[in-house]
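Q:
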Amino acid sequence: MPALPADATPPVLAVSGLRKAYGETVAVHDLSFAVGRNEIVGLLGPNGAGKTTTINMILGVLQPTAGAVRIEGLDLARRRTAALERTNFAAVYAPLPGNLTIAQNLRVFGMIYGVRDLTPRIDALLDEFDLRRFRDVKCGVLSSGEQTRVALAKAMLNRPTLLLLDEPTASLDPATAQDIRRRIRAFATGGDSGVLWTSHNMYEVEEVCDRVLFLSRGRILLEGDPRTLPAAHGKSSLEELFIAVAREPLALAAMAPHPPAPGLG
Amino acid sequence: MRLARVLAIVLRQFYLIRGSVSRVLPLFVWVAVDIVLWGFITKYLATVTTARHSLVPALLGAVLLWDFLTRVMQGVTMAFFEDVWSRNFLNVFASPLSLAEYVGGLVLSAIATSTIGLLVMLLVASAVFGLSLATYGATVLPFVLVLFLFGIALGVFGSAVVLRLGPAAEWFVWPIPALVSPFAGVFYPLATLPGWMQGVARLLPPSYVFESMRALAAGGTTQPGALVIAFGLAIVYIVLAAWFFVRVHRHAVRTGLIARYSAESIA
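One line per chain: the protein sequences are A and B, in this order.
If you count by this note's numbering, then the first sequence holds residues 1 to 265, one letter each, in order.
If you count by this note's numbering, then the second sequence holds residues 266 to 532, one letter each, in order.
Okay, here's the thing in structure tokens:
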């Protein structure tokens with residue numbers, strides 16, 4: 001990572017030399033990137049590219065073989081609690097316990113994340129994610145779209161500086177998904193937070209993300225503005241570029257005008 | 266360590282128990298049934314033996330205290346299993362919650378649930394069979410404390426086993442008290458055991474408690490040194506169990522086990 005000036009505010013997320021190996025198999029190769037304030041960065045790639053492995057390492061539930069994760073300048077390995085107090089996440093594979101109501105889940109996780117004035121915060125999130133009428137309904141009986149909204153409400157509880165979203169709109173209908181994208185966009189631009197977003201919906205990525213990182217076989221293959229990147233690589237759309245990354249990663253790497261740059265784009 | 270985070274785990278457990286008959290009843294029904302069953306067995310044995318001392322404090326007291334230890338262990342493991350069953354590890358371990366706060370929450374939950382079980386057992390044992398813990402005098406407090414600490418150690422150890430081996434391994438955890446009880450001499454003096462089992466018994470804190478309890482029930486006195494050894498051993502087991510849990514958690518973070526626990530839910 002390039003050195004920051006002494007008075008500079010650190011990026012919300014700085015990943016440097018991140019590597020995860022399982023024996024001889026390397027899942028993530030020396031990944032370096034950053035997410036700045038008010039920035040939404042898309043982490044894209046085919047299944048098995050290393051996106052979830054990367055997110056798990058940023059969340060501290062998977063120990064990197066090498067490298068460092070810094071959240072607002074805090075080294076995750078050394079100051080885990082302080083770093084994760086500034087972080088939150090929603091993932092399609094991590095629903096909240098189905099045997100608690102929405103309000104109960106939000107209260108428990110609000111206490112874990114040290115949220116002040118928790119009751120009004122929960123009320124505000126219930127309204128924001130249109131969950132008020134399900135307040136005392138157990139999460140397990142909600143539809144998948146409603147559960148996704150609950151997971152997003154939990155992810156917003158502590159107004160995280162770093163928000164990690166793993167396919168946050170995968171279970172939502174187009175209208176609700178658009179609404180959620182608008183809210184997350186407003187969240188990122190309104191405060192001093194940054195968002196790392198994974199999605200397989202390229203239309204969504206183009207609409208939401210300021211910058212994308214294309215991952216293939218655990219490496220960053222391409223990086224840039226999702227609206228200009230396809231044309232720079234001779235593709236007509238982001239989806240076409242995604243398919244090329246999935247099918248012909250080596251050819252694309254050779255075409256890349258510049259080597260993938262670490263840090264802020 | 267932040268108290269609010271510890272209390273969040275306790276609150277979660279409270280919400281679950283409050284809203285579920287299947288969680289409320291086991292807190293006291295099985296221990297009450299156990300006391301009734303052993304109470305009548307004790308009464309019957311009293312009519313066919315020529316025991317010099319009352320069997321009630323010796324046998325029924327042993328059942329009560331052993332059930333208490335079991336409830337403490339299960340209090341910890343049940344609270345942990347709630348996260349296993351609801352595939353909640355990723356949400357819990359990817360949060361600012363520290364391992365000490367998490368385990369502290371499990372232990373506080375166990376204190377609450379095992380206290381309910383103990384009170385119900387005392388109520389049934391005294392009302393129906395005339396057992397009073399006052400029979401043992403002030404030594405009942407170290408008895409309970411030693412059993413509580415050892416129960417916590419077993420609970421933390423059992424939780425670590427499930428974290429390491431996966432959800433199906435809970436079947437290794439339930440029989441732990443049954444495996445320990447023959448060595449702990451719950452119902453008979455340690456002298457009854459063969460030499461090698463007595464050697465194992467000397468390493469188990471409950472064996473000192475039950476030997477002392479029988480001595481008191483027979484009108485004798487306890488050896489203060491025995492309870493000091495029991496307390497010291499219980500502390501050692503707590504430390505070992507905590508160390509084991511931390512080791513298993515580190516392994517789970519290194520290998521991705523925690524993330525995989527959640528991934529199973531969509532497999």
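Idealized CB from N, CA, C, for every residue including glycine.
Predicted model only: the values in this text are computed from it and were never measured.
Can you name the start and end residues of the alpha helix (DSSP H) that K154 of chain A belongs to?
A: Position 154 of the first sequence holds residue 154 of chain A. Counting along the chain, the alpha helix (DSSP H) containing K154 of chain A begins and ends at S144 to M156.
Q: Could you pull out every residue in the same chain whose Cβ sits closer than 6 Å to the Cβ of G370 of chain B, ignoring the five residues on either side in sequence?
A: Here residue 370 of chain B refers to the residue found at position 105 when the second sequence is read from its first residue. These residues qualify, in order along the chain: V271, I274 and V275.
Q: Are the C-beta atoms of S472 of chain B and some chain A residue less than 8 Å apart?
A: In the second sequence, the residue the question calls residue 472 of chain B occupies position 207. Taking Cβ atoms only, chain A never reaches closer than 8 Å to S472 of chain B, which makes this a no.
Q: Out of B:V411, B:L292, B:G304 and B:Y367, which one is the CA nearest neighbour of F510 of chain B?
A: On the second sequence, residue 510 of chain B is found 245 positions in, with the first residue counted as 1. For F510 of chain B, the nearest C-alpha among the options comes from B:Y367.
Q: Is there a Cβ from chain A that is less than 8 Å from the Cβ of P361 of chain B?
A: Indexing the second sequence from 1 puts residue 361 of chain B at position 96. For P361 of chain B, the answer is yes, since a Cβ of chain A falls inside 8 Å of its Cβ.
Q: For A66 of chain A, which residues from the same chain have a beta carbon less than 8 Å from its beta carbon, with the 5 sequence-adjacent residues on both sides left out?
A: For the purposes of this step, residue 66 of chain A is taken as residue 66 along the first sequence, with counting starting at 1. Once the five neighbours on either side are set aside, the close Cβ partners of A66 of chain A are G17, L18, R19 and D30.
Q: Just grab the DSSP bridge partners of N88 of chain A for me.
A: Taking the first sequence and counting its residues from 1, the one referred to as residue 88 of chain A is at position 88. Answer is A:L163.
Q: Who are the neighbours of M111 of chain A on chain B, taking C-beta pairs under 8 Å?
A: Here residue 111 of chain A is taken as the residue at index 111 of the first sequence, counted from 1. By Cβ distance, chain B contributes A269, R270, L272, A273 and L276.
Q: Ends of the beta strand (DSSP E) at S32 of chain A?
A: Sequence index remark: in the first sequence, residue 32 of chain A carries index 32 (1-based). First-last of the beta strand (DSSP E) with S32 of chain A: T25 to V35.
Q: Can you tell me whether P257 of chain A is buried or exposed, with buried defined as 16 or more other CB within 10 angstroms of its CB?
A: Your numbering for residue 257 of chain A matches position 257 in the first sequence. Residue placement at P257 of chain A is flagged as unreliable, the pLDDT there being 49, under the threshold of 50; the coordinate-derived value follows with that caveat. It counts as exposed.
Q: Is I282 of chain B close to chain A? Criterion is C-beta to C-beta, closer than 8 Å.
A: To locate residue 282 of chain B, count along the second sequence from 1; it is residue 17. It does not; no Cβ of chain A falls within 8 Å.
Q: To the nearest angstrom, how far is the alpha carbon of V61 of chain A from that of M156 of chain A?
A: Counting from one through the first sequence, the residue named residue 61 of chain A turns up at place 61. Counting from one through the first sequence, the residue named residue 156 of chain A turns up at place 156. Computed Cα separation, rounded: 20 Å.
Q: Helix, strand or coil: which one does DSSP assign to D173 of chain A?
A: If you number the first sequence from 1, residue 173 of chain A lands on position 173. The answer is coil: DSSP assigns D173 of chain A none of H, G, I, E or B.
Q: May I have the straight-line CA-CA distance separating W244 of chain A from L229 of chain A, to the nearest angstrom?
A: In the first sequence, residue 244 of chain A corresponds to position 244, counting from 1. In the first sequence, residue 229 of chain A corresponds to position 229, counting from 1. In the sequence as presented, Trp is not what sits at residue 244 of chain A; that position holds Ala. If you take the alpha carbons of A244 of chain A and L229 of chain A, they lie about 13 Å apart.
Q: Which ranges would you report for the alpha helix (DSSP H) in the stretch 450-528 of chain B if only whole runs of at least 4 residues count?
A: Segments of the alpha helix (DSSP H) lying fully in the stretch 450-528 of chain B: 460-466, 470-482, 489-520 and 522-528.
Q: Which residues, in order along the stretch 94-110 of chain A, keep a beta-carbon less than 9 Å from a beta-carbon of chain B?
A: Under the 9 Å Cβ criterion, the stretch 94-110 of chain A contributes A94, P95, L96, P97, G98, N99, L100, T101, Q104, N105, R107, V108, F109 and G110.
Q: Give every residue of the same chain whose Cβ lies closer than 8 Å to the Cβ of I55 of chain A, excluding the five residues on either side of it in the sequence, and list them in chain order.
A: Translated into the one-based positions of the first sequence, residue 55 of chain A becomes position 55. L43, F89, A91, L164, D166, L196 and T198.
Q: Does the contact criterion of 3 or more C-beta pairs under 8 Å hold for the stretch 342-350 of chain B versus the stretch 138-148 of chain A?
A: No, they do not touch.
Q: Any contact between the stretch 107-118 of chain A and the stretch 63-80 of chain A? By contact I mean 3 or more CB pairs, one from each, below 8 Å.
A: These segments do not touch.
Q: Going along chain A in order, which residues have a C-beta closer than 9 Å to the C-beta of L355 of chain B?
A: As a first step, residue 355 of chain B must be located in the second sequence, where it is residue number 90. The contacting residues are N56, L59, V61, F89, A91, Y93 and A94.
Q: Any beta carbon from chain A within less than 8 Å of I523 of chain B's own beta carbon?
A: Here residue 523 of chain B corresponds to residue number 258 of the second sequence, with the count starting at 1. For I523 of chain B, the answer is yes, since a Cβ of chain A falls inside 8 Å of its Cβ.
Q: Does the structure place the stretch 487-503 of chain B close enough to the stretch 410-429 of chain B that three or more beta carbon pairs sit under 8 Å?
A: With the cut-off at 8 Å, the stretch 410-429 of chain B and the stretch 487-503 of chain B touch.
Q: Quick test of your reading: L118 of chain A and A153 of chain A, contact by CB under 8 Å. State the CB separation rounded to the nearest angstrom.
A: The residue labelled residue 118 of chain A in the question sits at position 118 within the first sequence. The residue labelled residue 153 of chain A in the question sits at position 153 within the first sequence. Not confirmed; about 13 Å, so no contact.
Q: Using the beta-carbon count (16 or more within 10 Å), is E476 of chain B buried or exposed?
A: The sequence position of residue 476 of chain B within the second sequence is 211, counting from 1. Classification for E476 of chain B: buried.
Q: Anyone know if the C-beta pair for L222 of chain A and G194 of chain A falls short of 8 Å?
A: Indexing the first sequence from 1 puts residue 222 of chain A at position 222. Indexing the first sequence from 1 puts residue 194 of chain A at position 194. Contact flag unset, no.
Q: Is it a yes or a no for the stretch 428-443 of chain B touching the stretch 370-387 of chain B, going by three-plus beta-carbon pairs under 8 Å?
A: Not touching, per the Cβ criterion.
Q: From the beta carbon of E85 of chain A, is the nearest beta carbon of chain B less than 8 Å away?
A: For the purposes of this step, residue 85 of chain A is taken as the residue at position 85 of the first sequence. Closer than 8 Å: yes.
Q: Using CA atoms only, rank isn't needed, just tell me which of A:T87, A:R86, A:L126 and A:V115 is closest to A269 of chain B.
A: For the purposes of this step, residue 269 of chain B is taken as the residue at position 4 of the second sequence. Per the Cα distances, A:V115.
Q: Can you find at least 3 beta carbon pairs, one from the stretch 7-14 of chain A and one from the stretch 201-211 of chain A, that sit closer than 8 Å?
A: The stretch 7-14 of chain A, when compared against the stretch 201-211 of chain A, does not touch it at the 8 Å Cβ threshold.
Q: Which residues does DSSP pair with E223 of chain A in a beta bridge?
A: Counting from 1 along the first sequence, the entry for residue 223 of chain A is found at position 223. E223 of chain A pairs with A:L213.
Q: Between V12 of chain A and chain B, is any beta-carbon pair separated by less than 8 Å?
A: Position 12 of the first sequence, counting from 1, holds the residue named residue 12 of chain A. So no, V12 of chain A is outside the interface.
Q: Can you round the beta-carbon distance between V409 of chain B and F354 of chain B to whole angstroms, since I take them to be within the 8 Å contact cut?
A: The residue you call residue 409 of chain B lines up with position 144 of the second sequence. The residue you call residue 354 of chain B lines up with position 89 of the second sequence. Not a contact, Cβ separation roughly 33 Å.
Q: If I measure Cβ to Cβ from Q278 of chain B and keep anything under 6 Å in the same chain, skipping five residues before and after, which residues do I get?
A: Sequence index remark: in the second sequence, residue 278 of chain B carries index 13 (1-based). Around Q278 of chain B: A344 and S374.
Q: Mind pulling the alpha helix (DSSP H) runs of 4 or more residues that sit fully within the stretch 388-462 of chain B?
A: As far as the stretch 388-462 of chain B is concerned, its whole alpha helix (DSSP H) runs of at least 4 residues are 405-430, 435-438 and 441-449.
Q: What do you get for Y280 of chain B, buried or exposed, if any count of 16 or more other CB atoms within 10 angstroms of its CB means buried?
A: Indexing the second sequence from 1 puts residue 280 of chain B at position 15. By the 10 Å Cβ count, Y280 of chain B comes out buried.
Q: Run down chain A in chain order and give the residues with a C-beta less than 7 Å from the C-beta of V289 of chain B.
A: The residue you call residue 289 of chain B lines up with position 24 of the second sequence. Per Cβ cutoff of 7 Å: no residues; V289 of chain B is ~14 Å from chain A at best.
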